[in-house]
Amino acid sequence: MIKVNDLEIPTLDDINFSDNRLLVRIDINSPVDPKTGKLIDDSRIKAYNDTIKELINKGNSLVLISHQGRPGDSDFISLEEHAELLSKYLDTKVEFIEDVMGPYARERIKSMKRGEVILLDNVRFVSEELIEAPPSQHAKSYLIKRLSPLFDGYVNDAFAAAHRSQASIVGFPMVLKSTAGRVMEKEVSALAKIFNAEEFPKVFVLGGGKVLDSIRIIENLVKRRLADRILTGGLIAELFAVAKGLDLGKENMQILEKKGLISLIPRARKILLSGGPIEIPVDFKVEKEGKVSEEPGNKVTGVIKDIGSTTVGIYSSFIKDAKVIVMRGPMGVIEDERFREGSKKLLDSAVESQGYLIIGGGHMISMLGGGSEINPSKVHVSTGGGALLLFLAGERLPALEALDLSYKVIKK
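Below, the structure written as structure tokens:
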């Protein structure tokens with residue numbers, strides 16, 4: 003069992019599915035080229051190898067269900083190509099069914115043989131899947147009523163969709179014996195370290211441009227006293243610097259104003275006054291008239307593009323001593339090679355430290371490698387976008403609550 007606060011999440015070690023017909027919720031929602039309609043990244047598809055192979059080896063027949071995009075968007079497409087890629091990576095035929103809960107899909111599921119794998123079409127083709135509602139309500143939906151009688155159990159391995167209270171996420175656990183898959187287990191086990199009082203000191207490195215998201219996370223970390231240090235970079239660092247009364251210069255203030263962030267200064271000031279363990283850069287790497295230089299944090303004249311070398315040294319010392327490190331968002335404008343150094347050096351420090359590293363957000367994930375040796379036992383790269391954000395912001399994830407409730411009600 004995985005324990006997160008008051009929730010107990012069963013894993014495949016707690017419920018031994020063998021020789022069963024299982025419904026497996028995965029999240030293979032992938033980027034799509036708007037011109038060709040083809041997938042341009044298949045990393046999420048590869049992620050489910052372990053769960054699917056384990057269940058096949060135990061003699062189960064599997065029906066996979068997932069979504070792709072949203073109605074009206076260019077990436078709202080069928081899952082046919084996804085099935086081809088799953089077959090390739092699993093080295094096992096994954097049959098694509100151009101149906102979700104209609105007569106053909108149900109008859110094919112009934113006729114499945116041991117070890118067979120089917121992928122149903124995009125579950126969001128069913129309008130009920132687009133509704134956010136409590137598990138008890140979704141349990142009465144047509145999707146659940148038509149499909150659940152065909153299965154012996156349900157496995158939710160879609161952590162990236164765990165923040166959605168939709169039918170395929172929270173409805174099936176109300177009527178079927180249910181458990182988390184290996185991807186879900188890995189994600190939740192890693193993130194549970196954030197709430198483990200024995201794992202300290204905890205250092206959070208927050209940067210990037212999603213300032214409102216970062217403020218929400220910081221407010222929760224401070225309120226619940228989950229962080230020993232919160233190291234800021236990017237626009238969130240600039241916001242806290244202004245809240246502290248530092249002079250960032252006219253151009254940087256104009257940037258904050260243009261992005262609509264001035265209104266967040268009182269929230270940042272309130273966090274500082276509450277005693278939040280916020281660290282802001284003591285120097286910045288700036289660009290002025292096309293030239294790059296470093297300037298002290300209390301007197302900035304150029305446009306801020308990265309944290310300075312002194313800040314890198316201070317932040318690295320905090321990271322070195324941490325037991326748990328969470329990194330979300332870069333320290334600077336990493337799209338420009340001249341301003342990647344701050345983020346890269348902190349990432350290297352985290353990888354080389356003795357602590358457990360959790361990395362979230364595409365920008366920091368994209369910087370992995372490049373000389374850094376990654377040890378899977380001490381580095382976790384999260385697949386969750388919105389789910390990770392809400393988890394860090396202290397909000398409960400419907401998928402986890404449904405699995406907890408299912409285990410307590412349906413048991414084994």
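Take any residue in the sequence shown, note its place counting from 1, add 2, and you have its number in my numbering.
Beta carbons: idealized from backbone N, C-alpha and C, even for Gly.
- C-alpha of Glu-253 to C-alpha of Glu-240: approximately 12 Å in a straight line.
- By the Cβ neighbour-count rule, Glu-281 is buried, with 16 or more other Cβ atoms within 10 Å of its own.
- For Leu-266, the closest alpha carbon among the candidates Lys-188, Arg-340, Lys-112 and Val-213 is that of Val-213.
- Within the same chain, Cβ atoms closer than 6 Å to the Cβ of His-165 are found at Gly-388, Ala-389, Leu-392 and Leu-399, the five residues on either side in sequence being excluded.
- In the structure shown, Gly-173 falls within a helical segment according to DSSP collapsed to helix, strand and coil.
- In this structure, DSSP gives Pro-298 an extended state, which the three-state scheme calls strand.
- Per the DSSP secondary-structure output, Lys-5 pairs in a beta bridge with Glu-10.
- The residues Arg-184, in chain order, have a CB closer than 7 Å to that of Asp-52 in the same chain once the five nearest residues on each side in sequence are set aside.
- Here the alpha carbons of Gln-70 and Gly-386 stand approximately 15 Å from one another.
- Under the rule that a run must span 3 or more residues, the beta strand (DSSP E) segments found entirely inside the stretch 320-378 read 326-330 and 358-362.
- Within the stretch 67-121, the runs of alpha helix (DSSP H) that reach at least 4 residues and sit entirely inside it are, in chain order, 82-92 and 105-112.
- Counting along the chain, no alpha helix (DSSP H) covers Ile-17, and no H or E run does either.
- Annotation: the continuous beta strand (DSSP E) that includes Asn-158 extends over 155-158.
- Contact check for Asp-230 against Leu-24 fails: the beta carbons are separated by 9 Å or more.
- Contact between Leu-402 and Ile-11 holds: their C-beta atoms lie close to 6 Å from each other, under 8 Å.
- In this chain, the beta strand (DSSP E) harbouring Phe-286 covers 285-290.
- Secondary structure at Lys-225: helix, using DSSP grouped into helix, strand and coil.
- For Asp-52, the enclosing alpha helix (DSSP H) covers residues 51-59.
- Distance between Leu-145 and Val-172, taken at the CA atoms: about 12 Å.
- By the 16-neighbour rule on beta-carbons within 10 angstroms, Asn-300 is exposed.
- CA-CA distance, Arg-340 to Lys-346, rounds to 11 Å.
- Counting only residues of its own chain and dropping the five nearest sequence neighbours on each side, Ile-412 has a CB closer than 6 Å to the CB of Lys-179.
- Contact between the stretch 23-38 and the stretch 51-66 is present, with at least three C-beta pairs closer than 8 Å.
- Looking from the CA of Ile-17, the closest CA among Asn-198, Leu-250 and Asn-158 belongs to Asn-158.
- Distance from the Cα of Ala-169 is smallest, within the candidate group Phe-161, Ser-191 and Ser-138, for Ser-138.
- Cβ atoms of Ser-295 and Val-288 come within 8 Å of each other, at about 6 Å.
- Beta bridge pairing from DSSP links His-382 with Ile-360.
- Asn-62 sits away from Arg-126, with the two beta carbons spaced by 9 Å or more.
- Contact check for Lys-195 against Ile-360 passes: the beta carbons are separated by less than 9 Å.
- With three or more CB-CB distances shorter than 8 Å, the stretch 30-40 counts as touching the stretch 70-84.
- C-alpha of Leu-122 to C-alpha of Gly-74: approximately 20 Å in a straight line.
- Straight across, the Cα-Cα distance linking Gly-210 with Val-284 is about 18 Å.
- For Glu-281, the pairing in a beta bridge is given by DSSP as Leu-233.
- The residue among Met-186, Leu-274, Pro-279 and Leu-41 with its C-alpha nearest the C-alpha of Ser-80 is Leu-41.
- Note on Pro-332: 16 or more other CB atoms within 10 angstroms of its CB, so buried under the neighbour-count rule.
- According to DSSP, residue pairing for Arg-23 in a beta bridge involves Ser-63.
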